[in-house]
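Chains as they are written, first to last, in this note's numbering: chain A, 1 to 115; chain B, 116 to 229.
Think of the CB as a built atom: it goes at the ideal place given N, C-alpha and C, for glycine as much as any other residue.
See structure below.
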Amino acid sequence: EAGVAQSPRYKIIEKRQSVAFWCNPISGHATLYWYQQILGQGPKLLIQFQNNGVVDDSQLPKDRFSAERLKGVDSTLKIQPAKLEDSAVYLCASSQGGAESDTQYFGPGTRLTVL
Amino acid sequence: KQEVTQIPAALSVPEGENLVLNCSFTDSAIYNLQWFRQDPGKGLTSLLLIQSSQREQTSGRLNASLDKSSGRSTLYIAASQPGDSATYLCAVKWTSGSARQLTFGSGTQLTVLP
């Protein structure tokens, strides 16, 4: 079974530029999560999708971050414009049904550096 | 505020030693608690999940315990090996507040020396 795929693996941009990340979850998984992990910290949930609907985006900085999951499969996370403090690893995860006991499977992440 | 804390931030042990990693949480009304492993440049791998009604879970050389009343969990690793070197993260899902979210600690970076 293929795991969660993410691209690109690394991205370096200058502040005020835009960037987009892509995630392909495990086939058949209804729930998709985007996390931000700043160096030395644990991951922080940015947004959770159930199929193509948003379940929780309470910690998403909506003035600059946006995410979509068209057709309930792949997802993209965009930052526009980027700030220095957005430098982090962006992790995508998926789970089968979104039940409280579901195990989340994580992708390798995209490491973003904002100069 | 619901928080998860892991101390120490880093730990080095010689190969073969048994060790304990600590996790504490501020609200005892949890749904479940998970331990993850994170290798450099890679995503997280779930190691053990303990439901609120459980006291411990075991998988191979790993044993995780849960004490809700004291707000603590421990991950015990027996006979440590260099391949166990990684960052270990504890994550809690609460029954209220951020109920749908996993709240992570900052992790303990473990180095097992050959």
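Note the first and the last residue of the continuous beta strand (DSSP E) segment covering Pro129 of chain B. 125-129
So, with DSSP's three-state summary, where would you put Gly73 of chain B? Missing from the structure shown is residue 73 of chain B; chain B here goes from 116 to 229 and no further.
CB Gln121 of chain B to CB Thr223 of chain B, shorter than 7 Å? yes
Decide if Gln48 of chain A is buried, meaning its Cβ has at least 16 other Cβ atoms within 10 Å, or exposed. buried
Mind checking if Lys183 of chain B is an interface residue toward chain A, Cβ cutoff 7 Å exclusive? no
Going along chain B, which residues have a C-beta under 7 Å from Gln41 of chain A? Ser221
Pick out whichever of A:Ser18, A:Ala88, A:Gly3, A:Lys11 has its Cα sitting closest to the Cα of Arg64 of chain A. A:Ser18
Cutoff 7 Å; reference Ser184 of chain B; Cβ partners in own chain excluding five residues on either side: Ser143
Can Gln6 of chain A and Thr113 of chain A be called in contact, C-beta distance under 7 Å? no
So, with DSSP's three-state summary, where would you put Asp199 of chain B? helix
Between Gly107 of chain A and the rest of its own chain, which residues show a CB-CB distance below 8 Å, the 5 nearest in sequence each way excluded? Gly3, Val4, Ala5, Gln6, Cys23, Leu91, Cys92, Ala93
For a test of the three-state rule: what should DSSP assign to Glu132 of chain B, helix, strand or coil? coil
So, does the CB of Gln216 of chain B fall closer than 7 Å to a CB anywhere in chain A? yes
Would you verify that the beta carbon of Leu46 of chain A is, or is not, closer than 7 Å to some beta carbon of chain B? no
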